[in-house]
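Input: a single structure, listed below in structure tokens.
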Amino acid sequence: MKCARCGSENVSVQTEMVGGKAKLRKTGCLWSIGRLCLILCTCGLWLLVGKRKGTNNIKYKNRTVCICQNCGNKWYLN
Ligand SMILES: [Zn+2]
-17 MKCARCGSEN
-7 VSVQTEMVGG
3 KAKLRKTGCL
13 WSIGRLCLIL
23 CTCGLWLLVG
33 KRKGTNNIKY
43 KNRTVCICQN
53 CGNKWYLN
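Going by the working numbering, the residue at position 3 of the sequence shown is -15; the numbering climbs one at a time, nothing skipped.
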């Protein structure tokens, strides 16, 4: 790996997470009681549904960042 600006090989490669958007939902008292009822009514099936929904809310993309230790030049590989 060589820096495009100064030609130094003293470049650190890092992985950066971008585009991570977490939708924060307010979990009130009523919601937790309602959820508990749903879990009991569906014999725990609701827990699986809820988990799946929770993980889908956050999307992360990994980008490779190269930073030149010599001149401070920063660029992305992908
Ligand atoms: Zn450089």
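Note that beta-carbon positions come from the ideal geometry of N, C-alpha and C, so glycine has one too.
Are Ile49 and Ser(-6) close, meaning C-beta to C-beta below 8 Å?
-> Going by C-beta atoms, Ile49 is nearer than 8 Å to Ser(-6).
Does DSSP put Ser14 in a helix, in a strand, or in coil?
-> Per DSSP, reduced to three states, the secondary structure at Ser14 is helical.
Through-space distance from Lys56 to Met(-1), alpha-carbon basis | So the two alpha carbons sit approximately 15 Å from each other.
Closest Cβ-Cβ distance between Cys19 and chain E: below 8 Å?
-> Here chain E cannot be found, since the structure has a single protein chain.
Taking the alpha-carbon positions, what's the Lys(-16) to Ser14 distance?
-> For Lys(-16) and Ser14, the distance between alpha carbons rounds to 54 Å.
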